[in-house]
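Protein chains in written order, with this note's numbering: chain L, 218 to 504; chain H, 39 to 398.
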């Protein structure tokens with residue numbers, strides 16, 4: 218990373234803006250893609266590629282991609298990649314890892330891919346303690362088909378097939394996939410991050426690093442779930458994506474580490490802890 | 039190596055391992071289960087891996103991931119289990135992945151499934167149908183060779199009889215000639231070089247510019263299948279030059295038909311037989327030749343009539359084609375039915391010779 222001078226913002230710029238750096242990750246062949254403005258998925262891909270690069274794993278990594286908007290990147294990630302069918306990436310990654318156990322193997326899946334179509338496969342992959350990392354891009358909708366309900370869509374969330382909002386009595390309840398997988402003995406590491414703000418992006422990167430390090434130690438299955446913006450699929454203005462994520466998905470799929478160092482924390486406990494901390498911050502602020 | 043009296047399931051697993059198979063994933067289902075058992079027992083000893091998958095969907099997915107690394111890998115089931123795998127079979131064909139599939143079928147009702155496929159899109163599998171365990175040992179090894187040679191899945195069609203009877207066989211690695219290097223397989227070593235690899239069915243390639251082109255990709259796959267059709271037909275024909283009746287059969291029933299035809303020929307009855315060894319590509323040419331001069335072509339298959347369509351396509355009206363087989367199974371629905379009996383088969387061949395109808 219090159220260093221940049223801070224630009225004063227209390228006065229008009231002295232010179233016109235210009236591009237000072239492409240900021241293209243080393244492991245990306247090119248920056249062209251057809252994802253929508255405001256999409257959170259490229260943010261996660263950047264963190265993924267940076268972590269692979271920083272850990273010095275570019276020459277021993279195999280990615281297995283599922284089917285979703287992120288599939289558009291299968292041709293531009295400069296990593297060996299196996300394209301899987303919708304939902305099947307954990308099984309495909311299992312076969313790959315068993316043949317090449319010293320490689321870093323990770324899957325890239327959306328919530329429709331992992332939690333709808335491929336739920337059985339990811340659960341059994343975790344239960345086997347398969348030494349791979351599954352990366353879930355969770356935006357609570359089928360983004361690629363245009364914003365339809367998935368198994369992670371939260372109660373009240375409007376999608377194209379829950380027009381009045383997801384109603385538990387009619388559409389059922391969302392699945393907290395992180396909790397489901399973290400409780401299994403084969404799961405060594407599970408965390409839920411978010412890319413709706415800078416702190417979330419930095420936290421997501423730390424989680425990815427810890428998951429990969431866990432895999433390199435041979436600890437077993439690891440999951441990094443990341444909440445991503447999908448303003449198109451949510452039918453909200455692009456700029457409102459991060460706020461919508463925070464308010465709607467983020468209060469149900471609460472971020473934090475669910476399993477690390479043998480300790481399992483439920484999402485409910487994470488929520489209670491976050492609320493406690495927020496209260497303490499408020500009370501501390503009023504002193 | 040010496041001959042050993044072993045069960046078909048064991049022979050198939052050992053032949054696969056002799057051919058270099060190092061990965062197998064499967065889900066138990068009669069009459070395929072013992073194939074999985076033998077892989078589970080033998081593969082670890084050979085430095086390989088056998089996983090008891092939680093479903094057929096996962097089994098084929100695992101094999102997909104193993105094959106993508108360039109390893110020889112296989113999966114299998116009965117036709118029922120293979121129904122669940124069809125989506126992956128189709129996509130693995132489009133991804134050019136050399137998977138080997140074992141169908142220990144419940145009879146011969148899976149002919150259409152094997153040769154037409156239950157998956158989506160334009161795809162074909164090479165289908166090999168051994169008539170006995172000795173041939174299964176050869177064709178299993180050939181399956182891995184053909185898969186690598188064409189970068190196309192190959193299915194070995196067996197059944198209860200093949201999987202569960204014993205024969206004295208010798209299992210030694212067979213040599214089928216040179217193969218192209220697997221310059222498409224992923225090993226993770228090319229990241230960041232600009233030359234990383236992509237194993238995909240989507241017609242997508244790595245790089246800048248227009249990197250999705252399904253039409254060209256599908257055309258290339260179709261071209262590959264045309265080449266396979268032109269070069270990989272395998273068929274056994276006997277006594278067809280002067281036969282008045284040509285009997286067509288494949289798989290284990292073909293061994294019974296062959297026995298009966300030999301017996302009748304010794305008695306001077308002008309019958310011959312055609313035994314497709316590859317169900318796809320189907321030996322249309324051999325059928326057309328065999329039907330020349332024949333008064334009738336009779337198809338003995340243990341189903342309601344599936345291969346008979348291909349036989350008619352081969353014969354193309356030059357002789358009447360009649361069915362002399364039919365649905366036949368034991369009480370379990372898994373095993374061997376009453377029709378698989380040389381006396382019954384002989385009776386039906388004699389009726390066909392006389393132009394009599396066979397009641398099903």
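Virtual Cβ for every residue (Gly too), placed ideally from N, Cα, C.
Taken in chain order, the members of the segment 58-75 of chain H whose beta-carbon sits within less than 8 Å of a beta-carbon on chain L are 60, 61 and 63.
Following the DSSP letters along the chain, one finds residue 239 of chain H in no beta strand (DSSP E), marked with neither H nor E.
Neighbours of residue 249 of chain H across chain L, judged by C-beta separation under 7 Å: 292.
When DSSP states are grouped into helix, strand and coil, residue 260 of chain L belongs to the helix group.
Ranking H/301, H/350 and H/303 by CA distance to the CA of residue 323 of chain H puts H/350 first. Assignment of residue 379 of chain L by DSSP, reduced to helix, strand and coil, places it in the strand class.
8 Å or more divides the Cβ of residue 293 of chain H from the Cβ of residue 142 of chain H.
In the three-state reduction of the DSSP assignment, residue 54 of chain H falls in the helix class. If you check each beta-carbon in the segment 232-262 of chain L against every beta-carbon of chain H, the ones closer than 8 Å belong to 243, 244, 246, 247 and 249. Inter-residue distance for residue 294 of chain L and residue 344 of chain L is about 29 Å (C-alpha atoms, whole angstroms).
Proximity of residue 273 of chain L to chain H, defined by a Cβ-Cβ separation below 8 Å, is not satisfied.
A direct Cα-to-Cα measurement between residue 154 of chain H and residue 162 of chain H gives close to 7 Å. In the DSSP annotation of this structure, residue 318 of chain H is not part of any alpha helix (DSSP H); the continuous beta strand (DSSP E) holding it starts and ends at 316-318. Contact residues of the segment 306-327 of chain L toward chain H are 308, 309, 310, 311, 312, 313, 315, 316, 317 and 320 (C-beta to C-beta distance below 7 Å). In the DSSP assignment, residue 302 of chain H forms no beta bridge with any residue. Counted as a single uninterrupted DSSP element, the alpha helix (DSSP H) harbouring residue 187 of chain H occupies residues 171-188. Looking at the DSSP output, residue 438 of chain L shares a beta bridge with L/404. In the DSSP assignment, residue 141 of chain H forms a beta bridge with H/115 and H/195.
Assignment of residue 477 of chain L by DSSP, reduced to helix, strand and coil, places it in the strand class. By the rule that beta-carbons nearer than 8 Å mark a contact, residue 264 of chain L does not touch chain H. For residue 323 of chain L, the closest of L/333, L/303, L/347 and L/337 by C-alpha to C-alpha distance is L/347. Along the segment 220-231 of chain H, going in chain order, the ones with a CB nearer than 7 Å to a CB of chain L are 224, 225, 226, 227, 228, 229 and 230.
Rounded to whole angstroms, the separation of the alpha carbons of residue 405 of chain L and residue 122 of chain H is 31 Å. Straight-line spacing of the CA atoms in residue 380 of chain H and residue 297 of chain H works out to 8 Å.
Contacts with chain H (Cβ-Cβ distance below 8 Å) from the segment 275-287 of chain L involve 275, 276, 277, 278, 279 and 281, listed in chain order. Distance from the CA atom of residue 231 of chain H to the CA atom of residue 319 of chain L, rounded to whole angstroms, is 20 Å.
The alpha-carbon of residue 396 of chain H is positioned some 29 Å away from that of residue 166 of chain H.
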